[in-house]
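Q: First, the structure itself, so that you have it in front of you.
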């Protein structure tokens with residue numbers, strides 16, 4: 001099997017701490033170059049990871065030795081640079097949220113399909129084996145018939161200069177933490193979800209939402225309660241409540257590679273804590289992205305996930321607007 005040449009558009013902290021190390025560690029990846037708007041920053045990151053430095057994102061996209069790019073830019077820049085990357089013939093792995101709304105998502109997914117390129121949103125947590133274990137237990141009837149789903153993702157306030165507080169760059173808790181709970185709802189309840197109601201708590205001084213919640217439902221009457229924010233104590237969990245018990249994953253979204261996550265299984269007369277195997281969810285996502293390209297696997301399914309996620313995100317916004325009109 002050949003090796004995939006990958007470039008990185010941007011030097012965000014998440015890229016340097018998690019995704020670039022995972023790219024380097026994958027034997028099927030050759031990290032070719034990192035680009036920044038300034039040569040100095042590009043060189044600093046490139047020296048750290050042993051690749052070429054490129055000044056300007058457009059210059060990196062012109063390189064013929066790069067077949068795929070990872071885009072960790074702020075959300076408001078995604079449509080422009082993902083679109084340009086696809087137009088340049090590159091496969092794209094982009095940070096979440098990949099698009100700010102369903103119109104942008106549809107445009108980018110359509111472009112990827114037209115050009116036969118893979119477009120994937122960088123949600124790593126579904127690739128952790130703890131979720132497959134939970135789904136297997138549910139499928140075996142460990143909690144009876146699933147009735148409802150609860151997901152919570154939040155953390156304390158961030159430094160005042162963090163991009164999450166900058167509305168022009170796509171800041172706000174919904175786009176940062178809320179998208180995890182929406183994706184988890186799709187994982188836990190299945191797609192085809194309807195947003196029944198939602199609220200966002202505004203940080204008026206900064207012009208972004210600092211927290212919020214949403215209620216979702218399925219056509220067969222199951223429900224999901226989602227809460228998120230960067231104005232609260234850290235929490236990163238989801239729970240599936242069934243007719244005979246419940247399953248909870250306390251580190252559902254950000255389990256680090258060395259952590260052995262604990263699954264809590266509760267029934268009326270039984271409480272059990274299962275310590276599961278450690279896993280590297282970012283490495284697993286990178287591997288899925290790379291092998292899909294190199295082995296010519298399904299390029300369509302990741303685009304469907306992107307469209308469903310964008311639809312839910314837009315539905316939350318619409319529900320918030322409806323509640324404020326009342």
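Residue numbers (full-length UniProt numbering): 1 to 326.
All C-beta atoms in this analysis are idealised placements derived from N, C-alpha and C, irrespective of residue type, glycine included.
Quantities reported herein were computed from a predicted structural model and do not represent experimental measurements.
Between which residues of its own chain and residue 176 is the CB-CB distance below 6 Å, once the five residues before and five after are set aside?
A: For the purposes of this step, residue 176 is identified with residue 176 of the chain shown, where counting begins at 1. If we look at residue 176 and ignore the five residues flanking it on each side, its Cβ neighbours are 164.
Q: Is the distance from the Cβ of residue 31 to the Cβ of residue 3 below 7 Å?
A: For the purposes of this step, residue 31 is taken as residue 31 along the chain shown, with counting starting at 1. For the purposes of this step, residue 3 is taken as residue 3 along the chain shown, with counting starting at 1. No, they are not a contact pair.
Q: Count the other C-beta atoms from every protein chain shown that fall within 10 angstroms of the C-beta of residue 279, then say buried if there are 16 or more, exposed otherwise.
A: Numbered from its first residue, the chain shown carries residue 279 at position 279. So residue 279 ends up on the buried side.
Q: Going by DSSP, what residues sit across from residue 247 in a beta bridge?
A: Taking the first residue of the chain shown as 1, we reach residue 247 at position 247. Residue 247 pairs with 240 and 265.
Q: Under 7 Å between C-beta atoms, does residue 16 make it to chain B?
A: Absent from the structure: chain B. Only one protein chain is present.
Q: Would you mind working out which of 18, 234, 14 and 114 sits nearest residue 88, comparing C-alpha positions?
A: Sequence index remark: in the chain shown, residue 88 carries index 88 (1-based). Cα-wise, what sits closest to residue 88 is 114.
Q: Looking only at its chain, what residues have a beta carbon closer than 6 Å to the beta carbon of residue 172, apart from the 5 residues adjacent to it on each side?
A: As a position in the chain shown, residue 172 is number 172, starting the count at 1. Taken in chain order, the residues that qualify are 208 and 209.
Q: Sorted by chain position, which residues of the same chain lie with C-beta nearer than 6 Å to residue 245's C-beta, five sequence neighbours on each side aside?
A: Locating residue 245 in the chain shown gives position 245, where the first residue counts as 1. Contacts found: 143, 266 and 267.
Q: Quick one: any contact between the segment 141–158 and the segment 99–117, if contact means 3 or more CB pairs under 8 Å?
A: No, the segment 141–158 is not in contact with the segment 99–117.
Q: State the CB to CB distance for the pair residue 75 and residue 170, rounded to an integer number of angstroms; the pair is presumed to be in contact (CB under 8 Å).
A: Counted from its first residue, the chain shown places residue 75 at position 75. Counted from its first residue, the chain shown places residue 170 at position 170. Sure, about 3 Å apart at Cβ, within 8 Å.
Q: Taking the C-alpha atoms as reference points, what is the distance between residue 47 and residue 53?
A: One-based indexing of the chain shown puts residue 47 at position 47. One-based indexing of the chain shown puts residue 53 at position 53. Computed Cα separation, rounded: 8 Å.
Q: Which two residues bound the contiguous alpha helix (DSSP H) that contains residue 25?
A: Position 25 of the chain shown, counting from 1, holds the residue named residue 25. Element bounds for residue 25: 20–25.
Q: Considering Cα atoms alone, identify which of 196, 262 and 222 is closest to residue 321.
A: Residue 321 sits at position 321 when you count from the first residue of the chain shown. For the residues 196, 262 and 222, the minimum Cα distance to residue 321 belongs to 196.
Q: Between residue 289 and the rest of its own chain, which residues show a CB-CB distance below 6 Å, the 5 nearest in sequence each way excluded?
A: Working through the chain shown from its first residue, we reach residue 289 at position 289. Taken in chain order, the residues that qualify are 93 and 120.
Q: Looking at the unbroken beta strand (DSSP E) that takes in residue 31, where does it start and where does it end?
A: Here residue 31 refers to the residue found at position 31 when the chain shown is read from its first residue. Element bounds for residue 31: 29–36.
Q: With DSSP collapsed to three states, give me the class of residue 208.
A: What you label residue 208 is simply residue 208 of the chain shown in a count that begins at 1. Residue 208 falls in the strand class under three-state DSSP.
Q: By how many angstroms is the C-alpha of residue 57 removed from the C-alpha of residue 65?
A: As a first step, residue 65 must be located in the chain shown, where it is residue number 65. As a first step, residue 57 must be located in the chain shown, where it is residue number 57. Using only the alpha carbons, I get a separation of about 15 Å.
Q: Please confirm if the segment 120–140 is in contact with the segment 300–316, defined as three or more CB-CB distances below 8 Å between the two stretches.
A: The answer is yes - the segment 300–316 touches the segment 120–140, with three or more Cβ pairs under 8 Å.
Q: When we look at the beta-carbon of residue 271 and count the other beta-carbons within 10 Å, is it buried (16 or more) or exposed?
A: Taking the first residue of the chain shown as 1, we reach residue 271 at position 271. Exposed.
Q: I need the boundaries of the beta strand (DSSP E) containing residue 183, first residue and last residue.
A: What you label residue 183 is simply residue 183 of the chain shown in a count that begins at 1. It is not in any beta strand (DSSP E) - residue 183 instead sits in the alpha helix (DSSP H) that spans 179–189.
Q: Please classify residue 234 as buried or exposed, where buried requires at least 16 other C-beta atoms within 10 Å of its C-beta.
A: If you number the chain shown from 1, residue 234 lands on position 234. By the neighbour-count rule (16 or more Cβ atoms within 10 Å), residue 234 is not buried but exposed.
Q: Apply the 10 Å Cβ neighbour rule to residue 353 and answer buried if 16 or more other Cβ atoms are within range, or exposed otherwise.
A: The first residue shown for the chain is 1 and the last is 326, placing residue 353 beyond what the model contains.
Q: Skipping 5 residues on each side, what residues in its chain have a beta carbon closer than 8 Å to that of residue 276?
A: The residue given as residue 276 occupies position 276 in the chain shown. For residue 276, where only same-chain residues beyond five positions count, the Cβ hits under 8 Å are 129, 130, 133, 260, 261, 262 and 263.
Q: Runs of 3 residues minimum, wholly inside the segment 48–98: which ones carry the beta strand (DSSP E) assignment?
A: Qualifying beta strand (DSSP E) stretches, in chain order: 52–55, 68–71 and 91–94.
Q: Answer with buried or exposed for residue 159, where buried requires no fewer than 16 other C-beta atoms within 10 angstroms of its C-beta.
A: For the purposes of this step, residue 159 is taken as the residue at position 159 of the chain shown. With fewer than 16 other Cβ atoms within 10 Å, it is exposed.
Q: At which residues does the beta strand (DSSP E) containing residue 150 begin and terminate?
A: Locating residue 150 in the chain shown gives position 150, counting from the first residue. 146–154 is the extent of the beta strand (DSSP E) around residue 150.
Q: Does DSSP put residue 15 in a helix, in a strand, or in coil?
A: Residue 15 sits at position 15 when you count from the first residue of the chain shown. In the structure shown, residue 15 sits in a helix (DSSP, three-state: H, G or I).
Q: Considering only the beta carbon of each residue, do residue 188 and residue 228 sit closer than 7 Å?
A: Taking the first residue of the chain shown as 1, we reach residue 188 at position 188. Taking the first residue of the chain shown as 1, we reach residue 228 at position 228. Contact: no.
Q: State the DSSP-derived secondary structure class of residue 118, mapped to helix, strand or coil.
A: Against the chain shown, residue 118 aligns to sequence position 118. In the structure shown, residue 118 sits in coil (DSSP, three-state: anything other than H, G, I, E or B).
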